[in-house]
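Student: Sequence lines, in order, name chains A and B.
Be aware that the first sequence starts at 4, since it is given in this note's numbering, and climbs by one per residue.
Be aware that the second sequence starts at 245, since it is given in this note's numbering, and climbs by one per residue.
Even glycine gets a Cβ: it sits at the ideal position worked out from N, Cα and C.
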Amino acid sequence: MKIVVDQEKCQNHGLCAISAPANFALDTDGKLQYHESFNEENIDDIEDAVDSCPLQAITLSRDAA
Amino acid sequence: MARQPTTSYLDITGEHFRMNSEEVRKARTTHWYARTEWGIAVLTYEDSSFLLKHPQLTQGSAKWPAQHGVVGGRFDTWWQKTLLVLEGDEHNRIRRLVNPAFSARQIEPMHDRFRSLADELIDDWIDHGQTEFASRFAAPYATRILCMMLGIAEHDWKKIHELAATIGLGLGVTIKQNIASIDDAVVELTRYAQSLVQSRRESPRSDILSTLVATRDADAGKLSDEELVNLVILLIFAGIDTTRNQLALSIDSFSRQPDQWEKLAADPDRYATKAVEEALRVNPIGRWISREAAETFQHRERTIEKGSTVHLFTLISATDPAEFGNPDRIDLDAERSPHFAFGGGIHHCLGHFVARADIGVALSAMATRMTDLRIGEGAEWLPDSGNTGAVTLPITFAQRH
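Now the structure itself:
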């Protein structure tokens, strides 16, 4: 599975970075940076990040390796 | 010499200030910000979007009681530890723990109960062709939903409403003269919250409070009992007035656009979500969001000094013609950019999924049962300060058959 962020929807609020700091962060310009792939053991944090996004811009895709 | 930009001065301290006035609109055409008694007011959509999430702008409300001479009482002690004013690691730790309890998937199963409550309240006055919306719908609906979510017996709603309103006085400029009753309300609500937490610990239910108690118990040491109780008080205090007033503001806006009200009535499943977003965009309860500069920084030509206040004017940025076509009209078919009625950044409103859901259900219920909606004689509105809303809102309508 991989993380997909809809860049059109994303407003860089940063709640995902609070839930799952290993995968999401705001850079010094306040823009969201993220790793598409994640460790299975972090899945709870990733799901919290998906849920916490005010714009619901984050999804998990099963297509990726 | 550098050319100085022309900025307007807005007197936002008076009770006659209206965010939706020609004066403020004119200021927005002149420059991206205006000067006020309390720091600058950001007027454009682009600058609001940028500054709302600026890392050097903190929430900055911790000083509020002290600025009014209130230090160390029950309200102040509670306030200093609320999620609303905490910053940094302590804020992030608690926010991370409580976010899941307020997710869309937690709220979705409650829609039917929201709808039943809305219909029950409407049934009380639908045959009369008129009602006083603020007390006969908005207040009981907002408060009973909060009771439902926390698992408080709904017949206690009037008491809860009263306590929330009293604590709400803590955010008014009259805090000092009301502080004795505000402190008492915090004490009473603390006791009430402690007993709620205790009862959910003994017998969990399917409510948000049980989820929060489980968060505390499953992750030992992560959310202390004190943090949990503080949070329950915050939810009661912050969850009622916002929804209550936003309902009245939404009804007021839709009464002026019957074509959009009819569109919502004809297909609520399709339009309810958009109806909420448009009502929040053109007529939000939170008229401005305040931030404080943690460090001195530069934005465009303006140096924003450390410790200074920056107000983000939500209504005026969300009706900025540079971002929105036909900006002052509710248009349920338009694709709109996001508004900032729920604030933004890591302090983005915790309860926004709840608010979006319950306001959407309420508007759908009303639109499908009432047509020819009008505001009656004698409506009374709060001053247009940081927050606004209706004291009384008489409405008239025809029952839809």
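Near A/Q59, what residues of its chain come up, given a Cβ to Cβ distance below 6 Å and the 5 sequence neighbours on each side ignored?
Tutor: No residues qualify anywhere along the chain.
Student: With 9 Å as the threshold, decide whether the Cβ of B/N343 is near any Cβ in chain A.
Tutor: Yes, its Cβ sits closer than 9 Å to a Cβ of chain A.
Student: According to DSSP, simplified to helix, strand and coil, what is B/H591?
Tutor: Helix.
Student: Buried or exposed: where does B/I480 fall if 16 or more other Cβ atoms within 10 Å of its Cβ makes it buried?
Tutor: Buried, since its Cβ has 16 or more Cβ neighbours within 10 Å.
Student: Relative to the alpha-carbon of B/S292, which residue among B/G633, B/L330, B/I590, B/W532 has its alpha-carbon at the smallest distance?
Tutor: Among B/G633, B/L330, B/I590, B/W532, the Cα nearest to that of B/S292 is on B/W532.
Student: Find the nearest neighbour of B/E621 within the set B/L254, B/E376, B/T326, judged by alpha-carbon distance.
Tutor: Comparing Cα positions, the closest option is B/E376.
Student: For the putative contact between A/I61 and A/E39, defined by C-beta atoms under 8 Å, what is the C-beta separation to the nearest angstrom?
Tutor: Their Cβ separation, rounded to whole angstroms, is 11 Å, which puts A/I61 and A/E39 out of contact at 8 Å.
Student: Looking at B/A408 and the ligand NAD, is the gap between the Cβ and the nearest heavy atom below 8 Å?
Tutor: The ligand NAD is absent from the structure shown, which contains no ligand whatsoever.
Student: I want to know whether the segment 599 to 612 of chain B touches the segment 312 to 328 of chain B - three or more CB-CB distances under 8 Å.
Tutor: Short answer: they don't touch.
Student: Residues of chain A with a CB under 8 Å from the CB of B/G589: which are they?
Tutor: In chain order: H16, G17.
Student: Give the range of the beta strand (DSSP E) segment to which B/P638 is assigned.
Tutor: Unbroken beta strand (DSSP E) run through B/P638: 638 to 643.
Student: Compute the Euclidean distance between the alpha carbons of B/A345 and B/I590, then round it to the nearest angstrom.
Tutor: When rounded, the distance between both Cα atoms is 16 Å.
Student: Can you tell me which of the three DSSP states B/E432 falls into?
Tutor: Residue state, collapsed to three classes: helix.
Student: Within the 9 Å Cβ cut-off, does A/I49 reach chain B?
Tutor: It does not; no Cβ of chain B falls within 9 Å.
Student: Counting along the chain, where does the alpha helix (DSSP H) carrying A/Y37 start and finish?
Tutor: Note, A/Y37: premise wrong, no alpha helix (DSSP H); beta strand (DSSP E) at 35 to 37.
Student: Leaving out the 5 sequence neighbours to the left and right, which residues in its chain are closer than 8 Å to A/I21 when beta-carbon positions are compared?
Tutor: Hits under 8 Å: S55.
Student: Could you say if the segment 621 to 641 of chain B and the segment 484 to 496 of chain B meet the contact criterion of at least three C-beta pairs nearer than 8 Å?
Tutor: The answer is yes - the segment 484 to 496 of chain B touches the segment 621 to 641 of chain B, with three or more Cβ pairs under 8 Å.
Student: For the beta strand (DSSP E) holding B/V314, just list the boundary residues, first then last.
Tutor: Neither: B/V314 is in no beta strand (DSSP E) and is coded neither H nor E.
Student: Taking B/W276 as part of the alpha helix (DSSP H), name the residues at either end of that continuous run.
Tutor: No alpha helix (DSSP H) contains B/W276, which DSSP labels as neither H nor E.
Student: So with CB distances below 9 Å, who are the chain A contacts of B/F586?
Tutor: Simply P57.
Student: Using a Cβ-Cβ distance under 9 Å, would A/D9 count as near chain B?
Tutor: No, its Cβ sits nowhere closer than 9 Å to a Cβ of chain B.
Student: Run through DSSP, which three-state label would B/W532 get?
Tutor: In the structure shown, B/W532 sits in a strand (DSSP, three-state: E or B).
Student: Taking the alpha-carbon positions, what's the A/A68 to A/F41 distance?
Tutor: Residue placement at A/A68 is flagged as unreliable, the pLDDT there being 49, under the threshold of 50; the coordinate-derived value follows with that caveat. Distance between the alpha carbons of A/A68 and A/F41: 11 Å.
Student: Less than 9 Å between the C-beta atoms of B/I288 and B/D564, yes or no?
Tutor: In the sequence under discussion, the amino acid at residue 288 of chain B is Thr, which differs from the Ile named in the question. A contact, by the Cβ cut-off of 9 Å.
Student: If you pair each beta-carbon of the segment 249 to 261 of chain B with each one of the segment 13 to 31 of chain A, do three or more pairs fall below 8 Å?
Tutor: Segments in contact, no.
Student: Which complete alpha helix (DSSP H) runs does the segment 317 to 398 of chain B hold, if anything under 4 residues is left out?
Tutor: 318 to 324, 332 to 342, 348 to 351, 355 to 367, 383 to 394, all fully within the segment 317 to 398 of chain B.
Student: Cβ closer than 8 Å: which chain A residues qualify as neighbours of B/A348?
Tutor: The contacting residues are D54, Q59.
Student: Establish whether the CB of A/I6 and some CB of chain B are separated by less than 9 Å.
Tutor: Not closer than 9 Å to any Cβ of chain B, the Cβ of A/I6 fails to qualify, so no.
Student: Could you tell me whether the Cβ atoms of B/E539 and B/H583 are closer together than 9 Å?
Tutor: Their beta carbons are not under 9 Å apart, which means B/E539 does not touch B/H583 by this criterion.
Student: Looking at B/S649: is its Cβ nearer than 9 Å to the Cβ of B/L556?
Tutor: This structure gives no information on residue 649 of chain B, because the portion of chain B shown stretches from 245 to 645.
Student: Tell me the start and end of each unbroken alpha helix (DSSP H) in the segment 498 to 534 of chain B that is at least 4 residues and wholly inside, in chain order.
Tutor: Fully enclosed alpha helix (DSSP H) runs of 4 or longer: 502 to 510, 512 to 526.
Student: Taking the CB atoms as reference points, tell me whether B/L390 and B/W505 lie closer together than 9 Å.
Tutor: Against a cut-off of 9 Å, the Cβ pair of B/W505 and B/L390 comes out as no contact.
Student: Using beta carbons (cut-off 9 Å, strictly below), is B/G633 in contact with chain A?
Tutor: False, the Cβ-Cβ gap to chain A never drops below 9 Å.
Student: For B/H583, which of helix, strand or coil comes out of DSSP?
Tutor: The answer is coil: DSSP assigns B/H583 none of H, G, I, E or B.
Student: Indicate whether at least one CB of chain A lies closer than 9 Å to the CB of B/S481.
Tutor: According to the sequence shown, residue 481 of chain B is Phe rather than Ser. No, B/F481 does not count as interfacial toward chain A.
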